[in-house]
Every structure is written in structure tokens, then in C-alpha cells.
Amino acid sequence: MNDTALLLVGHGSRKREGNTEILHFAAQWHERHPGWRIETCFIEHAEILLDEGLERAAHGARRVLAIPFILNAAGHVKMELPAALERARTRHPGVSFACTRHLGMGREIFAVLRSRLDRLLLQLDMPDPQTTGVILLGRGSSDAGANGELAKMARWIFEDGDHELVDLAFTSVTWPRLETVVQRHARLGMTQICIVPVYLFTGVLMARIERQVERLQSQYPQLAFALGGHFGFDPGIFALLDVRVADFAAGTADAPGLLECDGCKYRLAAEAEHLHDHSHTQAAHSPPPHGHHHGHPQQSAAPAL
6 MNDTALLLVG HGSRKREGNT EILHFAAQWH ERHPGWRIET CFIEHAEILL DEGLERAAHG
66 ARRVLAIPFI LNAAGHVKME LPAALERART RHPGVSFACT RHLGMGREIF AVLRSRLDRL
126 LLQLDMPDPQ TTGVILLGRG SSDAGANGEL AKMARWIFED GDHELVDLAF TSVTWPRLET
186 VVQRHARLGM TQICIVPVYL FTGVLMARIE RQVERLQSQY PQLAFALGGH FGFDPGIFAL
246 LDVRVADFAA GTADAPGLLE CDGCKYRLAA EAEHLHDHSH TQAAHSPPPH GHHHGHPQQS
306 AAPAL
């Protein structure tokens, strides 16, 4: 795989710090694998969007492996990324374009959530789990399947511990919202609440969550709140990406070279209604972190994966 470029595809945030964190993450991932060629792009709200990211990754490569750096598969992963891959294949018929599955809600992410919950419990001096509610807080999606993945994580947390009440809430798009779930926990007799954001990096919504919890603390002074942070540079995220690349290299991925909607005739039929152009969200050029080109955290030789 010394002729392969890896393209880390982030969602993109209106908050510049969120995109910068992803670029820093890519740079750290490259430090772990200095022989790999790693490129970065975003779906929206950034300078380097999907088409340009695929274009840059294709330059000098025989294979491009796109890695959706996204927790849940909704419209961006199911519609926009496959469409961008098709356009790239048309532009570069001599380059093979493949895509891993998104990060998903599997055992690796569950381990990250479990460790973060354990740290929050320590902040509360390890209170009685029977009176300590747990709320997994996700972004929310119009895709019921993506929301259901968070519900799966809530169930796994419940079955893995002794908490009487494990719930999920969403910051936008869908319900229930955090305020409603906290109210329910208070009525059911919880005295402490651990709120675990299920977010990869910072952004506008993470700042909103902090303000929400401040208001809830004043509204419910009888409750002790412990709020976690976004996943950021958690070792489990690096390890999960390593697994995605290793599976691709070994040819053991569930569907090598394809997202679940890449090449699907039903996706093609739905494009007219659901496919969006994000060029209007393209950010103005800004100086990259650590001296790297924005969207190019490392410009290394061809990878030796």
C-alpha cells in the first residue's frame, strides 16, 4: 500500500477551533505512522471541501482511501460522500477510490464512552449508581438509524453497569432535548447526573452544551452535575482509525471499497431531493497550524502501510 493516500473526512464546524483540532489530530496520527500519506478535508464550513480533498489525495496516488471521520452515518455519509467519490472516479479513471465505514457506534466507541463516564463518576466521588443518572448527549439527526445508534450505546452502558437510569438526549434536529431529560431524572429521584457528550471535537454545539448545563445547575441546585468533554485526542479514536486502515490493507473490511450507499441505486434515485452543495460554506483561507498547509497536515512520501 505504498501507493495509497488516506483522506480523513471531517464534518466541518462554523467554530474554527473545531476544524483546527481535526487538523491537529491528523498531524498526531501521522506522527504515529510517519510513512503514511494523510490528507484532510471537510464536508462543510472549511477551506478544503470534499471535491478538493479527493483531488489533492488523488495527485500522485494509485489508490485513495477516504475515511469518514464521523460518528454516525446520516445524509453526509450516505449521500454526499458517495456522490463525491463518483465524481472523483470520473475525473481520475486511473486511480482507485475506496472508502471505509464511518467510525460508528461499536465496541471501540463504547470503550471511549465507558472510560469517560468512569472519570465523571470520580468527579462526583463515586456516588451510588442507583441515584446517579447518565445522559448520553448527541448532536441529533433527521436519520432515525443514526439516532438509534446512540440509543444502542445507552443500552450498552445500562447493561454494563448498575445505573438505574441511562438516557439519551440530543442537542439539535431531534428530541428529546437535554433540559427535558434532566427534568425527568430529577422527578425520578436522581441526585447526581453525568452528562457524556458524544462529540468528536469542539464546535458551536459544545459551547452551547456548556451554557445549557450552567443554566440547569442553577435551575436544579439540589442536583450535582458532571459534564464530560468531546472525545478529542482520546487514544481509542486513534486505535479505531488504525483498525479501519488495517482492515482495508488486509482486505478484511466488511465491504472493501464501498460505503453502504456507494453504488446504491436507491441513493441515486434520492439525490435530487437530498444531495446538497456545500461550496457556499467554504471558509476563507487562513494560516494552517504548525506550518502545514490547511487540509494537508502532513506532506509525506507515499505511505508504507
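Each residue of the sequence shown is one higher than the one before, starting from 6 at the first, in our numbering. Beta carbons: idealized from backbone N, C-alpha and C, even for Gly.
Residue i beta carbon near the ligand SAM (any heavy atom closer than 7 Å)
{"i": "Glu154", "result": "Ligands displayed in this structure: none; no statement on the ligand SAM is therefore possible."}
Selected residue, minimal CA-CA separation from residue i, among the options
{"i": "Thr9", "options": "Arg19, Thr136, Gly40 and Lys20", "result": "Gly40"}
{"i": "Leu122", "options": "Leu86, Gly233 and Asp247", "result": "Gly233"}
{"i": "Ile53", "options": "Ser18, Phe243 and Trp34", "result": "Ser18"}
{"i": "His38", "options": "Ala255, Ala251, Glu164 and Gln287", "result": "Ala251"}
{"i": "Thr95", "options": "Ala63, Ser120 and Leu118", "result": "Ala63"}
{"i": "Phe243", "options": "His97, Phe30 and Ile198", "result": "Phe30"}
{"i": "Ala231", "options": "Ala159, Ala288 and Cys199", "result": "Cys199"}
{"i": "Ala116", "options": "Ala159, Gly99 and Gly150", "result": "Ala159"}
{"i": "Ser120", "options": "Pro202, Gln197 and Leu173", "result": "Pro202"}
{"i": "Thr136", "options": "Leu246, Gln227 and His235", "result": "Gln227"}
{"i": "Leu13", "options": "His97, Arg213, Trp34 and Leu129", "result": "Trp34"}
{"i": "Ala93", "options": "Ala66, Leu118 and Phe74", "result": "Ala66"}
{"i": "Gly150", "options": "Lys83, Asp239 and Leu118", "result": "Lys83"}
{"i": "Ala235", "options": "Val209, Leu246, Gln224 and Ser223", "result": "The sequence given here has His at residue 235, not Ala. If we check each option's Cα against that of His235, Val209 comes out closest."}
{"i": "Pro134", "options": "Ser146, Lys157, Asp148 and Glu164", "result": "Glu164"}
{"i": "Tyr225", "options": "Arg189, Asn152 and Met131", "result": "Arg189"}
{"i": "Gln197", "options": "Asp148, Pro132, Met211 and Arg213", "result": "Pro132"}
Through-space distance from residue j to residue i, alpha-carbon basis
{"i": "Gly194", "j": "Ala78", "result": "35 Å"}
{"i": "Ala191", "j": "Ala229", "result": "11 Å"}
{"i": "Arg272", "j": "Gly109", "result": "Note that Arg272 scores 46 on pLDDT, short of 50, meaning its location in the model is unreliable and no value can be drawn from it."}
{"i": "Leu127", "j": "Ala51", "result": "37 Å"}
{"i": "Arg2", "j": "Leu70", "result": "Outside the shown range of the chain (6 to 310) lies residue 2, about which nothing can therefore be said."}
{"i": "Ile114", "j": "Gly241", "result": "7 Å"}
{"i": "Ala260", "j": "Val248", "result": "Residue confidence is low: Ala260 scores 45 on pLDDT, short of 50, so the model does not pin down where it sits. Its coordinate-derived value is still stated next. Distance between the alpha carbons of Ala260 and Val248: 14 Å."}
{"i": "Gly262", "j": "Ile72", "result": "Unreliable positioning characterises Gly262 in this predicted model, as indicated by a pLDDT of 45, which lies under 50. The coordinate reading is nonetheless provided below. Gly262 and Ile72: Cα-Cα distance of roughly 11 Å."}
{"i": "Thr185", "j": "Arg68", "result": "48 Å"}
{"i": "Leu125", "j": "Ala254", "result": "37 Å"}
{"i": "Thr207", "j": "Leu28", "result": "13 Å"}
{"i": "Ala32", "j": "Phe47", "result": "15 Å"}
{"i": "His168", "j": "Ala174", "result": "17 Å"}
{"i": "Glu36", "j": "Asp239", "result": "15 Å"}
{"i": "Ser147", "j": "Ala288", "result": "25 Å"}
{"i": "Leu129", "j": "Leu245", "result": "29 Å"}
{"i": "Gly99", "j": "Met211", "result": "42 Å"}
{"i": "Lys20", "j": "Leu118", "result": "24 Å"}
{"i": "Asn7", "j": "Asp172", "result": "45 Å"}
{"i": "Lys157", "j": "Ile214", "result": "22 Å"}
Integer Cβ distance of residue i from residue j, believed to fall under 8 Å
{"i": "Ile162", "j": "Val187", "result": "17 Å between Cβ atoms; not a contact."}
{"i": "Leu141", "j": "Leu155", "result": "6 Å"}
{"i": "Tyr204", "j": "Arg144", "result": "7 Å"}
{"i": "Ser11", "j": "Ile43", "result": "In the sequence as presented, Ser is not what sits at residue 11; that position holds Leu. With a Cβ gap of about 5 Å, Leu11 and Ile43 count as contacting."}
{"i": "Gly23", "j": "Thr45", "result": "Not really, about 13 Å apart at Cβ, beyond 8 Å."}
{"i": "Gly237", "j": "Glu26", "result": "7 Å"}
{"i": "Glu85", "j": "Thr286", "result": "Incorrect: roughly 12 Å between the Cβ atoms, too far for contact."}
{"i": "Leu183", "j": "Gln222", "result": "So it is not a contact: roughly 12 Å between Cβ atoms."}
Paired residues, beta bridge with residue i - DSSP
{"i": "Thr45", "result": "Leu13"}
{"i": "Gly138", "result": "Ile198"}
{"i": "Ile72", "result": "Leu13"}
{"i": "Phe102", "result": "Val69"}
{"i": "Arg399", "result": "Nothing about residue 399 can be read from this structure; the chain reaches only from 6 to 310."}
{"i": "Phe230", "result": "Ile198"}
{"i": "Gly143", "result": "Phe175"}
{"i": "Leu54", "result": "Phe47"}
Inset, instruction - Take every Cβ of the region 83-92, pair it with every Cβ of the region 45-62, and state whether three or more of those distances are shorter than 8 Å. - result: The answer is yes - the region 45-62 touches the region 83-92, with three or more Cβ pairs under 8 Å.
Legend entry - Cβ pair count under 8 Å reaching 3, the region 103-118 against the region 171-179: Too few Cβ pairs lie closer than 8 Å, so no.
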